[in-house]
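Shown next, in structure tokens, is the structure this report addresses.
In our numbering, the protein residues as written are 10 to 261.
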């Protein structure tokens, strides 16, 4: 990792974790140079990257300060974006781009353990916080579950809540976290350049008896989302515990 990337990563983690709270001034350039054994160039590069992400406010003759408060979400609450955002006193939003019944791509069909001729219900939505686009969500349900979506308004709120109310046993989730380049749709809907890096969370949701019911590919703007992994020896077989933190514009 290059030196300016090390400085950027360290400062970003302090902001996301709350060690550096909103309105808190960052250490001076001179102090950061000493801390990281760096010259002013790498430190300035790191600060410029944080400013570009909207995490710090800078200006001529102005001490850089933290500009946004991260919103943290436990991984256990990843199932419902709407419920999480509402619990924070913010306004969740969703806009449906597409809903269709069709044969899904091979990778999705395999994840859902579909027969060769089976179809799925695919849904694409843009999710927002306080009217700011945060994530594009591509979801596929096994057809018996997905058919229930046509009795719901996908723009009205949480699909998971609607399915649970109809007796669907959405019980277990497996999450895979990585990065992906924004395609044309991602870029247009999230307001980024094509090819820009996005944080991706892929999920397989199963019933209480282990049957795959849903798979999802959720892509977040990296300036508005982060993942925090908490490790504890006392957790034993449960392994690491992860949470999501987000930095939407509404914290201005």
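Where is the CB? At the ideal position from N, CA and C, for every residue including glycine. Treat the numbers as computed from the prediction; the structure is a model and nothing was measured.
Query raised in the report: In three-state DSSP terms, what is residue 25?
Result: Residue 25: helix per DSSP, three-state reduction.
Exercise. So who's on the other strand from residue 186, going by DSSP bridges?
Worked result: In the DSSP output, where bridge partners are listed per residue, residue 186 has 210.
- Query: Where does residue 167 land, buried or exposed, given buried means 16+ other C-beta within 10 angstroms?
  - Reply: Buried is the call here.
Query raised in the report: Where do the N-terminal and C-terminal ends of the alpha helix (DSSP H) with residue 169 fall, by residue?
Result: Under the DSSP assignment, residue 169 falls in the alpha helix (DSSP H) whose first and last residues are 168-174.
Could you spell out the range, first to last residue, of the beta strand (DSSP E) harbouring residue 222? Per DSSP, the continuous beta strand (DSSP E) segment holding residue 222 begins and ends at 221-229.
Quiz prompt | Beta-ladder partner(s) of residue 149, from DSSP | solution = Answer is 131 and 224, bridged to residue 149.
- Task: Output the distance between the C-alpha atoms of residue 39 and residue 227, rounded to the nearest integer angstrom.
- Result: Those two C-alpha atoms are separated by around 40 Å.
Check your understanding: According to the neighbour-count rule (16 or more other Cβ atoms, all chains shown, within 10 Å of its Cβ), is residue 61 buried or exposed?
Key -> So residue 61 counts as exposed.
Exercise for review: Counting only the same chain and skipping the five closest in sequence on each side, list residues whose C-beta sits under 6 Å from that of residue 112.
Suggested key: Cβ neighbours of residue 112 beyond the five flanking positions: 128.
Candidates 58, 122, 64 and 50, of which the one nearest residue 214 by Cα = Taking residue 214 as reference, the option from 58, 122, 64 and 50 with the minimal CA-CA separation is 122.
*Hey, residue 52 and residue 110 are a contact pair by Cβ (cut 8 Å); roughly how many whole angstroms apart?*
The C-beta separation of residue 52 from residue 110 comes to about 54 Å, leaving the pair out of contact by the 8 Å criterion.
Q. If you follow the beta strand (DSSP E) that residue 73 is part of, which residue opens it and which one closes it?
A. Segment 71-75, the beta strand (DSSP E) holding residue 73.
request  = Determine the extent of the alpha helix (DSSP H) in which residue 194 is found, giving its start and end residues.
outcome  = Its alpha helix (DSSP H) spans residues 193-199.
| The beta strand (DSSP E) with residue 102 in it runs from where to where? | Residue 102: member of the beta strand (DSSP E) spanning 101-111, first to last residue.
Open item on the list: Report the CB separation of residue 33 from residue 74 in whole angstroms; it is logged as a contact under 8 Å.
Closed with: About 6 Å separates the Cβ atoms of residue 33 and residue 74, confirming a contact at the 8 Å cut-off.
- Query: Is residue 14 helix, strand or coil by DSSP?
  - Reply: In the structure shown, residue 14 sits in a helix (DSSP, three-state: H, G or I).
*asked:* Which residue wins for smallest C-alpha separation from residue 142, given the options 162, 103, 202 and 130?
replied: Ranking the options by Cα distance to residue 142, first place goes to 103.
Practice task
Identify, in the order they occur along the chain, each residue of the same chain with its Cβ nearer than 8 Å to the Cβ of residue 202, setting aside the five sequence neighbours on each side.
Solution key: Counting only Cβ-Cβ distances below 8 Å, and skipping sequence neighbours, we find 191 and 196.
Below 6 Å CB to CB, which residues in the same chain sit around residue 22 once its five sequence neighbours on both sides are set aside? So no residue of the chain qualifies.
Go ahead and pull the three-state DSSP assignment for residue 62.
Coil at residue 62, not helix or strand.
- Query: How should residue 159 be labelled, buried or exposed, when 16 other C-beta atoms within 10 angstroms of its C-beta is the threshold for buried?
  - Reply: When all chains shown are included, residue 159 counts as exposed.
Distance, residue 63 Cα to residue 14 Cα: Between residue 14 and residue 63, the C-alpha separation is close to 17 Å.
| Same chain only: Cβ atoms within 6 Å of residue 171, ignoring 5 sequence neighbours per side | Non-local C-beta neighbours of residue 171 in its own chain, meaning closer than 6 Å and more than five positions away in sequence, comprise 161, ordered along the chain.
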